[in-house]
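The following block contains the structure:
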């Protein structure tokens, strides 16, 4: 039998609707990041002084945690493509666990700042820092809800090698959450 | 070139540790900022191509994400350069 190899690349993974959502989210975060950077260019001393109060280790740990959770989601997609639904469930569970660690670290960080009397009205840096990281925090929660729903369906045998669009859809959203943090981390915690 | 997901993950972790250590140097100049932003572009490109799996999709879709990435990081670099003036 002759095997035909398509010369045309694939379409976007998962449901196309999620990509409309992803492009819109990236646009919003992109504007937010650029606004932060230009606001800083007019208030360099204020931003550098305030940024120095952040615990960079928290940001670095959360970056490693999110990247690792994304890696686990990649493994979950690979497992379901090979019809291994129980392995897919395990990888999704591991990704959710990493998501929970991210939230835990962020809650410690928020608590530390709020306990020190810092709020969005303290200064321009903290307005950006708190609103950007909290906005992203809410996206992590939404991503975890999506992954949990996929995990439950996968556990009931709802996906297979020929029917895994749902897993790819959730995975694409989760990778977007990771992608945003990869830019947010150096912007808010590192470069000064 | 294609990277396995484990190699991609390893590069992402190494670049994160690099940015964390390098950013700790008290050398607030454009060279440091540029190197960290370049490492951010590399990390983002790995996530887009090998985690999201876009290295196999039509270029029209990839170009949207690459344009977004280069525009955002480029504007951040420009703003930091302006802040040094």
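Chains as they are written, first to last, in our numbering: chain A, 1 to 192; chain B, 1 to 85.
Each residue gets a CB set at the ideal place from its N, CA and C atoms; glycine is no exception.
Give a yes or no on whether 9 Å exceeds the smallest Cβ distance from residue i to chain B.
{"i": "residue 19(A)", "result": "yes"}
{"i": "residue 5(A)", "result": "Low local confidence applies: a pLDDT of 46 at residue 5(A) is under 50, so the model's placement there is unreliable, and no value is given."}
{"i": "residue 12(A)", "result": "yes"}
{"i": "residue 172(A)", "result": "yes"}
{"i": "residue 175(A)", "result": "yes"}
{"i": "residue 185(A)", "result": "yes"}
{"i": "residue 15(A)", "result": "no"}
{"i": "residue 86(A)", "result": "no"}
{"i": "residue 124(A)", "result": "no"}
{"i": "residue 179(A)", "result": "yes"}
{"i": "residue 104(A)", "result": "no"}
{"i": "residue 60(A)", "result": "yes"}
When you compare the CB positions of residue i and residue j, do they come within less than 9 Å of one another, or not?
{"i": "residue 140(A)", "j": "residue 103(A)", "result": "yes"}
{"i": "residue 92(A)", "j": "residue 154(A)", "result": "yes"}
{"i": "residue 79(A)", "j": "residue 87(A)", "result": "yes"}
{"i": "residue 68(B)", "j": "residue 30(A)", "result": "yes"}
{"i": "residue 105(A)", "j": "residue 13(A)", "result": "no"}
{"i": "residue 142(A)", "j": "residue 110(A)", "result": "no"}
Assuming residue i and residue j form a contact by the criterion Cβ under 8 Å, report the distance between their Cβ atoms to the nearest whole angstrom.
{"i": "residue 41(A)", "j": "residue 83(B)", "result": "4 Å"}
{"i": "residue 47(B)", "j": "residue 179(A)", "result": "5 Å"}
{"i": "residue 37(A)", "j": "residue 76(B)", "result": "4 Å"}
{"i": "residue 128(A)", "j": "residue 52(A)", "result": "Not quite, the Cβ-Cβ distance comes to about 15 Å (not below 8 Å), so this is no contact."}
{"i": "residue 84(A)", "j": "residue 164(A)", "result": "About 11 Å separates the two Cβ atoms, so there is no contact after all."}
{"i": "residue 64(A)", "j": "residue 16(B)", "result": "6 Å"}
Examine chain A for any beta-carbon lying closer than 9 Å to the beta-carbon of residue i, and answer yes or no.
{"i": "residue 63(B)", "result": "no"}
{"i": "residue 6(B)", "result": "yes"}
{"i": "residue 50(B)", "result": "yes"}
Inter-stretch contact (C-beta, 8 Å, three-pair minimum) for the stretch 17-35 of chain B and the stretch 49-61 of chain B: no
Chain B contacts made by the stretch 65-84 of chain A, where a contact means CB separation under 9 Å: In summary, the residues of the stretch 65-84 of chain A whose CB is separated from some CB of chain B by less than 9 Å are 67, 68, 70, 71, 73, 74, 75, 77 and 78, in the order they occur in the chain.
Near-chain B residues of the stretch 26-46 of chain A - C-beta to any C-beta below 7 Å: Residues of the stretch 26-46 of chain A that bring their beta carbon within less than 7 Å of a beta carbon in chain B comprise 26, 30, 33, 34, 37, 38, 40, 41 and 44, in sequence order.
Touch test, the stretch 4-18 of chain B against the stretch 31-51 of chain A, Cβ-Cβ under 8 Å, three pairs minimum: no
Segment contact, 8 Å Cβ cut-off, at least three pairs: the stretch 93-103 of chain A with the stretch 139-158 of chain A: yes
Meets three-Cβ-pair contact criterion under 8 Å: the stretch 168-176 of chain A and the stretch 115-131 of chain A: no
The stretch 24-38 of chain B / the stretch 57-77 of chain A touching (three or more Cβ pairs under 8 Å): no
Contacting positions in the stretch 8-33 of chain B - beta carbon closer than 7 Å to chain A: Listed by position along the chain: 9, 12, 13, 16, 19, 20, 23, 28 and 33.
Residues from the stretch 69-83 of chain B in contact with chain A, defined by Cβ distance under 9 Å: 69, 71, 72, 73, 75, 76, 77, 78, 79, 80, 81, 82 and 83
Members of the stretch 129-158 of chain A that neighbour chain B once the beta carbon cut-off is set at 7 Å: none
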